[in-house]
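Peer 1:
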Amino acid sequence: MKIKKDFGLVTVLKLKALLLDSIYPPRCPVCHEIAKAGRSICKDCLPLMDFVKGAVCLKCGKELYDESQDSCSDCAALPKSFEYGLALLNYDDISSESMIKIKYKNKREYIKIYARLIALKYRTEIKKMEAEALIPVPVHKNRLKIRGYNQSELLARYLSQETGIKLINNALVRVRDTRAQKALTSEERFKNLSEAFCCDKLPENLHNIIIVDDIYTTGSTMEACTRVLKRAGAEKVYCISICIGKGTY
């Protein structure tokens, strides 16, 4: 009975999304123009997107340059506590510009497109995770006040609509407004984030969790969140992101 209810909810949400798309046609996340012929991504733009493929790190999901390796240098340097991760795109100039538009230019409609693509590409893998909840990486209240939204929460919300997995957006809280991560090493990033998150005890029936974030770089954020969630009672934690950096191995 519960399966039928969940299926019905997902169907209604998808129909609602289609109706909104017909009223407000989506813009292509690559060229930023209204996509033609009812597409979410322009036909000529799709080949420009660098989807993750081939040999990947078995832990974080980064595409590897050396197919003889089974892990990237970041995972080798800083072992991860989560089971494994999935990502849609390699982080390059095109995806970077798209992420900037999302985070700083209010192009939230791109997130819906990426959520659909993630669900299509990884539907089987996500089902195998047997996750009871999607939990977005939270932003600090100061940053939320400036931006007005958390792009990771929106991604988790759209993924919930696509997969039927429940969204829990208040379990994980960011209690420290950490300094920018961009110029830090992997070890410095993790130290910077080690006390940035907190989580109250999770519900007893919540065992498998998927953490959702927009960009995965060294994995320090996902690792910090994973440790907090496991201390709160999670048994298995997985990761999903839109973009991911390429592995150096």
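Add 1098 to the 1-based position in the sequence shown for the numbering used here, that's all there is to it. Where a beta carbon is used, it is the ideal one built from N, C-alpha and C, also for glycine.
Quick check on Arg-1329: buried or exposed, where buried means 16 or more other Cβ atoms within 10 Å of its Cβ?
Peer 2: Label assigned to Arg-1329: exposed.
Peer 1: Considering only residues of the region 1153–1218, which uninterrupted beta strand (DSSP E) runs meet the minimum length of 3 residues and lie entirely inside it, listed in chain order?
Peer 2: Runs found: 1183–1188.
Peer 1: Going by the CB atoms, is the gap between Cys-1337 and Phe-1055 shorter than 8 Å?
Peer 2: The structure shown has nothing for residue 1055, since the chain only spans 1099 to 1347.
Peer 1: If contacts are defined as beta-carbon pairs under 8 Å, then Ser-1339 and Ala-1185 qualify, I think. What distance do you get, rounded to the angstrom?
Peer 2: Sure, about 5 Å apart at Cβ, within 8 Å.
Peer 1: Thinking just about the alpha-carbon of each residue, which of Met-1197, Leu-1187 and Ile-1233 is nearest to the one in Pro-1145?
Peer 2: If we check each option's Cα against that of Pro-1145, Leu-1187 comes out closest.
Peer 1: Only counting the same chain, and skipping five residues up and downstream in sequence, which positions put a Cβ closer than 6 Å to that of Val-1273?
Peer 2: Result list for Val-1273: Cys-1296, in chain order.
Peer 1: Could you give the C-beta distance for Asn-1057 and Ala-1229, rounded to a whole number, given that I count them as a contact under 8 Å?
Peer 2: The chain is shown from 1099 up to 1347; residue 1057 falls before or after that span and cannot be answered.
Peer 1: For the alpha helix (DSSP H) containing Ala-1322, list its first residue and its last residue.
Peer 2: From DSSP, the alpha helix (DSSP H) with Ala-1322 extends over 1318–1329.
Peer 1: Note down the Cα distance separating Val-1271 from Ile-1198, rounded to an integer number of angstroms.
Peer 2: If I take the Cα positions, the gap works out to 23 Å.
Peer 1: Do Ile-1209 and Ile-1216 have their beta-carbon atoms positioned less than 8 Å apart in this structure?
Peer 2: Not closer than 8 Å, so no.
Peer 1: Do Leu-1291 and Thr-1319 have their CB atoms nearer than 8 Å?
Peer 2: Contact flag set, yes.
Peer 1: In terms of alpha-carbon separation, which member of Lys-1334, Gly-1343, Gly-1345 and Lys-1239 lies closest to Lys-1226?
Peer 2: Nearest C-alpha to Lys-1226: Lys-1334.
Peer 1: Considering only their Cβ atoms, is the gap separating Val-1235 from Val-1150 smaller than 8 Å?
Peer 2: Contact flag unset, no.
Peer 1: So for Leu-1144, helix, strand or coil by DSSP?
Peer 2: Helix, per DSSP.
Peer 1: Use the C-beta contact count for Tyr-1202: other C-beta atoms within 10 angstroms, 16 or more gives buried, fewer gives exposed.
Peer 2: Tyr-1202 is exposed by the Cβ-count criterion.
Peer 1: For Gly-1343, tell me which candidate among Cys-1173, Arg-1221 and Arg-1214 has the shortest Cα-Cα distance.
Peer 2: Comparing Cα-Cα distances from Gly-1343 to each of Cys-1173, Arg-1221 and Arg-1214, the minimum goes to Cys-1173.
Peer 1: Let me make sure I understand the geometry here. Which of Ala-1133, Gly-1159 and Asp-1142 has the alpha-carbon closest to that of Ile-1313?
Peer 2: Ranking Ala-1133, Gly-1159 and Asp-1142 by Cα distance to Ile-1313 puts Gly-1159 first.
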